[in-house]
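Notes follow the structure.
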Ligand SMILES: Cc1cc2nc3c(=O)[nH]c(=O)nc-3n(C[C@H](O)[C@H](O)[C@H](O)COP(=O)(O)OP(=O)(O)OC[C@H]3O[C@@H](n4cnc5c(N)ncnc54)[C@H](O)[C@@H]3O)c2cc1C
């Protein structure tokens, strides 16, 4: 087979989906090389840009390094560069710093904001369509509120504290929702009254959120009103200045911030590609996602114009991924000589968040959700994305950024999952808990304080099949009449504590019978368990692998309980272990050194070293 070069331009939802599929299929085919070119070294999780712009998460929370996404795909070359032109005759993609020849080309360069030629938008408005945009908005808002707090001219101060968003699609509504959440924090940090901050959505047509049902849009509208967001419908903006916007009615709204989210057009970099464009500059493709008039050149995502039943593919994530898959399937079909695949869209629904705790969702055309459940589903869908792109790393990062490291209660669970407290206070508990395990282990090893040594020839495990061959402790237990046990979670003088299970359940006994079939193995098992307990004790005292060791203690408590060896009064072991999984080893313990070192070494081995720029191997 001759060598084939596939070039994918754009590592957005569409480009990543196509590249993943191609890389998987050609994993064992050395004749096929795939090159993914993007101007960034990371994928931007576009649907959450408003969270960065609105100060909810840090930029790294939605930047997925491409090396981390493709490190296990040895057949994918990553290139960080800006594509500027395509030579269709020579089949070469030209970038600012190089050129790359291709046999198959996939263009997934996305869209950009469309200002419809409105005067002043380019010069005075902000857009929200890239990481750079989001960071710029965030910095501008922080600076503007800080300056406004010191402004003595009342009219100017009001204009500075008025934040306007143009457009009531996904982007506009999600952006204003974040600002509503951020308002209190901005006011507090700058010692002003939050009531001074005004939030306005300006929409040209009489309705908002036009991609969802009217019922859900009305719910969203009611919620926004409740949050003090002003909605100006049927109010096209005709002019944007640095300190006001002008509506078609002639009304002027003094503001120093207009975020323009009113429209999307195709990425204008593609204007130079000499390819047929449709509405808003999108590149026309056929049912295989192949660009009109160009064999082996595919267009996907927000950039593609393809009509299904007279309707163009929407500029949404699901369409981006599905068009990406169609292009990948058709390249595979072409290389392998199999039948081509006709694009068929299948959209599962829409979700819009209005801040971190409220949203509306429509699923599979029949289920409507709002509030907590809508946001919960949004998080689940976001997590599903990491499963689709096979990135456990970013799934975990997402949970940390969205749930555990969140400030100002900006999460559906409010602040309940997130705490910035000092774990130092749990260090004494860790040392105490570790000492307890160490003492128990040493007692068993050396028969201290009158305990039976687990290193001797006495089997202390209570399982019935081991009893006939044992003597000592078991016989002693049989000859004394035990006192009636009393339930309690605390040992009370004079009371006989109650076991959680006085006998092991049958299913557990049958497992243990396989693991510990006779006295010889039971004695070995006892010695092993003694060493484990000593190890646990030492590790907890030193703060080494604290999370893991505490998890092991929970597993041990469960197995002691099922073995009929654990008392209710000791149930606190479990709760202490859970509490100590809070990073107490890192506060003052060996984990402070060991865990970052392991993370660094394992990360380097598994993912390689992330770089600010990638270039072809
Ligand atoms: C704030 C916001 C909220 C949104 N919310 C939702 C939502 O809730 N649900 C939904 O379905 N959709 C939503 N969208 C739309 C969704 O993000 C897009 O439909 C989707 O990102 C399109 O994917 P894509 O791969 O086509 O393009 P993109 O994700 O835009 O990726 C294009 C890639 O091409 C790269 N690129 C561009 N030009 C060049 C060049 N010249 N050289 C090299 N690389 C280049 C870019 O760096 C980028 O990585 C939202 C969008 C925004 C901005």
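Residue numbers (my numbering): 36 to 652. All residues carry an ideal CB built from backbone N, CA and C; glycine is no exception. Given the structure is predicted, the values throughout are model-derived calculations rather than measurements.
Beta carbon of residue i nearer than 7 Å to that of residue j
| i | j | result |
| --- | --- | --- |
| residue 357 | residue 380 | yes |
| residue 160 | residue 267 | no |
| residue 653 | residue 405 | The structure shown has nothing for residue 653, since the chain only spans 36 to 652. |
| residue 243 | residue 265 | no |
| residue 363 | residue 566 | no |
| residue 114 | residue 78 | no |
| residue 134 | residue 126 | no |
| residue 461 | residue 619 | yes |
| residue 334 | residue 320 | yes |
| residue 622 | residue 458 | yes |
| residue 371 | residue 385 | no |
| residue 589 | residue 476 | no |
| residue 348 | residue 324 | no |
| residue 410 | residue 426 | no |
| residue 130 | residue 194 | no |
| residue 297 | residue 202 | yes |
| residue 626 | residue 578 | yes |
| residue 46 | residue 355 | no |
| residue 583 | residue 468 | no |
| residue 317 | residue 301 | yes |
| residue 524 | residue 603 | yes |
| residue 490 | residue 413 | no |
| residue 453 | residue 434 | no |
| residue 616 | residue 585 | yes |
| residue 240 | residue 270 | no |
| residue 148 | residue 295 | yes |
| residue 546 | residue 55 | no |
| residue 180 | residue 225 | yes |
| residue 120 | residue 307 | yes |
According to DSSP, residues forming a beta bridge with residue i
| i | result |
| --- | --- |
| residue 42 | 70, 140 |
| residue 279 | 289 |
| residue 468 | Residue 468 is not bridged to any residue. |
| residue 301 | 146 |
| residue 531 | 520 |
| residue 128 | 121, 135 |
| residue 295 | 162, 201 |
| residue 267 | 237 |
| residue 272 | 282 |
Cβ of residue i within 7 Å of any chain D Cβ
| i | result |
| --- | --- |
| residue 192 | Looking for chain D here will not work: only one protein chain is present. |
Distance cut-off 6 Å: residue i Cβ against heavy atoms of ligand 2
| i | result |
| --- | --- |
| residue 350 | Ligands in the displayed structure: ligand 1; ligand 2 is not one of them. |
### Query
With contact counted as at least three CB pairs below 8 Å, one residue from each stretch, are the segment 101-114 and the segment 223-237 in contact?
no
### Message
Any contact between the segment 534-553 and the segment 596-604? By contact I mean 3 or more CB pairs, one from each, below 8 Å.
### Response
yes
### Message
With a threshold of 8 Å, are at least 3 pairs of Cβ atoms found where one atom belongs to the segment 247-266 and the other to the segment 155-173?
### Response
no
### Message
Any contact between the segment 327-340 and the segment 139-148? By contact I mean 3 or more CB pairs, one from each, below 8 Å.
### Response
yes
### Task
Tell me, please, whether the segment 199-217 touches the segment 80-93 by the rule of three or more beta-carbon pairs shorter than 8 Å.
yes
### Message
Which runs of the beta strand (DSSP E) at least 3 residues long sit entirely within the segment 58-117? Give them in chain order.
### Response
67-73, 77-79, 98-100, 111-115
### Task
Mind the definition here: the segment 553-563 touches the segment 483-501 only if three or more C-beta pairs lie below 8 Å; say whether that holds.
yes
### Query
Which residue spans inside the segment 571-622 form an unbroken alpha helix (DSSP H) run of at least 4?
581-597, 607-615, 619-622
### Task
Could you name each continuous beta strand (DSSP E) segment of 3 residues or more that falls completely within the segment 212-254, going from the start of the chain to the end?
233-237
### the segment 95-103 touching the segment 173-191, judged by at least three CB pairs closer than 8 Å
no
### In chain order, each beta strand (DSSP E) run of at least 3 residues that lies wholly inside the segment 310-352
332-334
### Query
Any chance the segment 59-79 sits against the segment 36-47, with 3 or more Cβ pairs inside 8 Å?
yes
### Query
Which runs of the beta strand (DSSP E) fall wholly inside the segment 354-408 and span at least 3 residues, in chain order?
384-388, 394-398, 402-405
### Task
Mind the definition here: the segment 90-99 touches the segment 273-283 only if three or more C-beta pairs lie below 8 Å; say whether that holds.
no
### Message
Could you tell me which whole alpha helix (DSSP H) segments of length 4 or greater appear in the segment 417-493?
### Response
427-434, 462-481
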